[in-house]
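Numbered by mature numbering (1 follows the signal peptide of the UniProt record, and there is no 0), the letters in the sequence shown go through residues -37 to -1, 1 to 181 in order.
C-beta atoms are modelled at their ideal positions from N, C-alpha and C, and glycine is treated no differently.
Heads up, the thing below is written out as structure tokens.
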Amino acid sequence: MKVAKTVKKKRRMGKGILCIVASVLCLFPWLQNTTQAKEPEVAASASKGLKMAVVDLNAVFEKYEKRKVFDAQLKEQEKQYQKNVTDRKKELVSLGEKIQLLDFGSEARKKDEETFEKKNMELESYAKFAEKSLAKKYKDYFESLYTEVCKEVEDIGKREQYDLIIKKEEPELQSSGISELQFKVGIKTVLYNSDSVDITNRIINNLNKRFSEGTKGK
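Okay, here's the thing in structure tokens:
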């Protein structure tokens, strides 16, 4: 009898354990589904927390009024250099024609030939100076504009708490060769962006407003 009671007791305990195990097993899918459901929520939350923007630098440089003023000033300087070179060339041509009318070996011809050589060397030296000077002015002016644009982008980024602002370029794909086309395609960094993240016009407006205010009193 004792043996029978013990067997029955063990059977009841076994059934109880099976029920507990079954209950735990039933919980596992629920726990797994809960974990899987939370993971996308965390990813979505992290994605929403990243604030990004794009800026088309080509458009900024094209529409910045300060650049237009600088371009006009540099073109005027270039014209002045070209005029000086042209005037000196005309002077040399005139002197050369005069030399041709003088007798070979005469003192007057020797003197004018020395003057011609001297002025010709001065012209070559001036032409090199003008070229280097103009190239340096273009370089300095572009660097100053680029620094100013980057500063404006940085200020907006810090002020409005952007996490990332990316340079956007729209290259002109019409080209004469495949190598040039591949290069232009290669420099395109942003393939798509919504209008909501493009702050190009804001950068242009801020720069032009500051430039306009700075030139009012001049």
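Residue of the options minimising C-alpha distance to residue i
i    : options                  : result
N168 : K26, M15, G12 and A16    : K26
N83  : R72, F174 and V56        : V56
A16  : V32, K99, I129 and Y44   : I129
K114 : G12, Y89, E28 and I166   : I166
V48  : K102, I150, S88 and D158 : S88
K81  : I141, E143, E54 and Q145 : E54
A90  : K46, R173 and S175       : K46
F79  : K99, L58 and F92         : L58
G120 : G68, T178, S69 and V160  : V160
Reduced DSSP category for residue i - H, G, I as helix; E, B as strand; rest coil
i      : result
T(-3)  : Low confidence applies to T(-3): its pLDDT is 41, below 50, so where it sits in the model is not reliable enough to give any reading.
V153   : coil
L64    : coil
K131   : strand
D126   : coil
V5     : Any reading at V5 must be qualified, since the residue scores a pLDDT of 39, below 50, and its modelled position is unreliable; the value itself is stated next. In this structure, V5 counts as helix in the three-state DSSP scheme.
V(-17) : Low per-residue confidence applies at V(-17): pLDDT is 40, beneath 50, and the placement is therefore not dependable, though the value from the model is reported in the following sentence. Reduced to three states, the DSSP call for V(-17) is helix.
V(-35) : Per-residue confidence for V(-35) stands at a pLDDT of 42, beneath the threshold of 50, marking its modelled position as unreliable; no derived number is given.
CB contact flag (residue i, residue j, <8 Å)
i    : j    : result
I62  : R51  : no
Y104 : F33  : yes
V112 : L170 : yes
K31  : F174 : no
Y44  : A93  : yes
Nearest-angstrom Cβ-Cβ length linking residue i and residue j, presumed shorter than 8 Å
i    : j    : result
D75  : L65  : 7 Å
D126 : L13  : 5 Å
L97  : Q40  : 7 Å
E132 : T152 : 7 Å
Spatial neighbours of residue i in its chain, beta-carbon cut-off 6 Å, leaving aside the 5 residues before and after
i   : result
A22 : T163
L20 : K130
Minimum Cβ-Cβ distance from residue i to chain D less than 8 Å
i    : result
E117 : The structure shown has no chain D; it contains just one protein chain.
Nonlocal neighbours in the same chain, by C-beta distance under 8 Å from residue i, ignoring five residues either side
i    : result
Y101 : L37
Close beta carbons around residue i, own chain, < 7 Å, minus the five adjacent residues each side
i    : result
Q124 : K14
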